[in-house]
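Enquirer: As numbered in the numbering used here, the sequence shown has no gaps in its residue numbers, which increase by one up to the final residue, 243. Glycine residues also receive a C-beta, built at the ideal position from the N, C-alpha and C atoms. Being a predicted model, the structure only gives us computed values, none of them experimental. Structure in structure tokens, see below.
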Amino acid sequence: MKIIMLGAPGAGKGTQAKMIAEKYQIPHISTGDIFRANIKNGTELGAEAKKYMDQGLLVPDELTVRILLDRVAQEDCAGGYVLDGFPRNIPQAQVLDEALEKLGEKIDMCIDVDVPDENIVRRMSGRRACLKCGATYHLEHIPPRQEGVCDTCGSGLVLREDDKPETVQNRLKVYHEQTQPLIEFYSAKGVLKTVDGTMDVQDVFSAIVGLLG
Numbered sequence: 031m032k033i034i035m036l037g038a039p040g041a042g043k044g045t046q047a048k049m050i051a052e053k054y055q056i057p058h059i060s061t062g063d064i065f066r067a068n069i070k071n072g073t074e075l076g077a078e079a080k081k082y083m084d085q086g087l088l089v090p091d092e093l094t095v096r097i098l099l100d101r102v103a104q105e106d107c108a109g110g111y112v113l114d115g116f117p118r119n120i121p122q123a124q125v126l127d128e129a130l131e132k133l134g135e136k137i138d139m140c141i142d143v144d145v146p147d148e149n150i151v152r153r154m155s156g157r158r159a160c161l162k163c164g165a166t167y168h169l170e171h172i173p174p175r176q177e178g179v180c181d182t183c184g185s186g187l188v189l190r191e192d193d194k195p196e197t198v199q200n201r202l203k204v205y206h207e208q209t210q211p212l213i214e215f216y217s218a219k220g221v222l223k224t225v226d227g228t229m230d231v232q233d234v235f236s237a238i239v240g241l242l243g
């Protein structure tokens, strides 16, 4: 079962991808997590990726594709995986298709978590992160017990650069220009399914499980 999650930044596709991975016992592969791990570890790739992410821009295809293809070639992906944050544009999707075709494989389903832009901006500007331990919160939905302080390690919480409203608007613009065309791309292949991402998290997941069977 090879699944791609689509949706604007902050639509909740990452949360759903994790839930799918847990239920179906397949790896959740997030390019965002891979990049953040590299940034945290101070790697050369991380430094390069950070320049783009801090501006709300997409990391270039060559960096992203190399990391992703190495990851899906690993043994734990033999039974399938759920991709979160890749592909981000048509060229990436084409490279992925070609790589899978050589292995005699293909994407089974592409799930689009659909949420209007105004909801996205409100969601993301409410996020807070602990840079020390990596814990994340939301002022409305998952607030810390003490305002501005991490429940886990007691460090101060921050609004990450890529969650600031002006950066979010830029990320949405990039998404509509580069990533949204993938909806038509996968629809033409007959593997696209859409779910209403404005519903409660559990309701969105139930809808997805209904599609996956």
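Please classify C180 as buried or exposed, where buried requires at least 16 other C-beta atoms within 10 Å of its C-beta.
Expert: On the sequence shown, position 150 is the one that residue 180 refers to. Answer is buried; the Cβ neighbour count reaches 16.
Enquirer: Evaluate T73 with the Cβ neighbour count: other Cβ atoms within 10 Å of its Cβ, from every protein chain shown; 16 or more gives buried, anything less gives exposed.
Expert: Within the sequence shown, numbered from 1, the residue matching residue 73 stands at position 43. Exposed, because fewer than 16 other Cβ atoms sit within 10 Å of the Cβ of T73.
Enquirer: Which one or two residues does DSSP pair with D114 in a beta bridge?
Expert: Position 84 of the sequence shown, counted from the start, is the residue given in the question as residue 114. Looking at the DSSP assignment, D114 forms a beta bridge with M35 and S60.
Enquirer: Mapping the DSSP letters down to three states, classify L137 as helix, strand or coil.
Expert: Here the question's residue 137 lines up with position 107 in the sequence shown. It should be noted that the sequence gives Ile, not Leu, for residue 137. Reduced to three states, the DSSP call for I137 is coil.
Enquirer: L222 by DSSP, collapsed to three states: which one?
Expert: Taking the sequence shown and counting its residues from 1, the one referred to as residue 222 is at position 192. Correct three-state label for L222: strand.
Enquirer: I need the straight-line Cα distance from G243 to S185, nearest angstrom please.
Expert: The sequence position of residue 243 within the sequence shown is 213, counting from 1. The sequence position of residue 185 within the sequence shown is 155, counting from 1. If you take the alpha carbons of G243 and S185, they lie about 42 angstroms apart.
Enquirer: Does DSSP put Q176 in a helix, in a strand, or in coil?
Expert: Position 146 of the sequence shown, counted from the first residue, corresponds to residue 176. If DSSP states are grouped into helix, strand and coil, Q176 belongs with the strands.
Enquirer: Can you tell me which residues form a DSSP beta bridge with A159?
Expert: If you number the sequence shown from 1, residue 159 lands on position 129. Bridge partners of A159: T166 and V188.
Enquirer: Taking the C-alpha atoms as reference points, what is the distance between V204 and P211?
Expert: The residue given as residue 204 occupies position 174 in the sequence shown. The residue given as residue 211 occupies position 181 in the sequence shown. Spanning the two alpha carbons is a distance of roughly 11 angstroms.
Enquirer: What are the boundary residues of the alpha helix (DSSP H) that A51 is part of?
Expert: On the sequence shown, residue 51 is found 21 positions in, with the first residue counted as 1. Element bounds for A51: K43 to Y54.
Enquirer: Between I150 and G44, how many whole angstroms is the CB-CB distance? I'm expecting something under 8 angstroms.
Expert: By 1-based counting over the sequence shown, the position of residue 150 is 120. By 1-based counting over the sequence shown, the position of residue 44 is 14. Not a contact, Cβ separation roughly 13 angstroms.
Enquirer: Going by alpha carbons, who is nearest to D230 out of H171, M139 and V198?
Expert: Translated into the one-based positions of the sequence shown, residue 230 becomes position 200. If we check each option's Cα against that of D230, H171 comes out closest.
Enquirer: May I ask which residues mark the beginning and end of the alpha helix (DSSP H) holding T94?
Expert: Taking the sequence shown and counting its residues from 1, one reaches residue 94 at position 64. That run of the alpha helix (DSSP H) goes D91 to V102.
Enquirer: Could you tell me whether the region 78 to 97 touches the region 119 to 132, using the rule of 3 or more Cβ pairs below 8 angstroms?
Expert: Yes, they touch.
Enquirer: Within its chain, find whatever has a CB closer than 6 angstroms to the CB of K136; leave out the 5 residues flanking it on each side and keep chain order.
Expert: Taking the sequence shown and counting its residues from 1, one reaches residue 136 at position 106. Only L130 meet the Cβ criterion.
Enquirer: Just the C-alpha distance for V190 and A159, rounded to the nearest angstrom, thanks.
Expert: As a position in the sequence shown, residue 190 is number 160, starting the count at 1. As a position in the sequence shown, residue 159 is number 129, starting the count at 1. In the sequence as presented, Val is not what sits at residue 190; that position holds Arg. If you take the alpha carbons of R190 and A159, they lie about 7 angstroms apart.
Enquirer: Does the region 46 to 63 come into contact with the region 93 to 107, if we say contact requires no fewer than three beta-carbon pairs (one atom in each stretch) closer than 8 angstroms?
Expert: Taking 8 angstroms as the limit for Cβ pairs, the verdict is that the region 93 to 107 does touch the region 46 to 63.
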